[in-house]
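Numbering (UniProt numbering), first residue to last: 1 to 79.
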């Protein structure tokens, strides 16, 4: 359970979320998220799903932004 929690924490931090903001985003208390990340609590399947969806949305958004930035960098400057 500790490994799962540390993975959640790492991915949350890489997504730029603070603990409180992410907990609110997925509909749980910051204290509960902290316990999950420290391996002190086992999240329900529903909470795990909400965590996964939120993190995958962030990863998809970062990938889209990166793709747009690459496209703009490759486009000729037409001023």
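Every residue gets a Cβ at the ideal spot worked out from N, C-alpha and C, and that includes glycine.
Just to confirm my understanding: we take residue i, look at its own chain, exclude 5 residues before and 5 after, and list those with CB closer than 8 Å. What are they?
i: residue 20; result: 30
i: residue 27; result: 50
For residue i, which residues of its own chain have a beta-carbon under 7 Å away from its beta-carbon, when the five flanking residues on both sides are left out?
i: residue 5; result: 36, 37, 38 and 39
i: residue 11; result: 55
i: residue 41; result: 32 and 35
i: residue 53; result: none
i: residue 44; result: none
i: residue 8; result: 36, 37 and 51
Can you tell me where the alpha helix (DSSP H) holding residue i begins and where it ends?
i: residue 34; result: 30 to 37
i: residue 45; result: 45 to 74
i: residue 5; result: 2 to 14
Touching or not, the region 53 to 68 and the region 8 to 25, by the rule of three or more beta carbon pairs under 8 Å? yes
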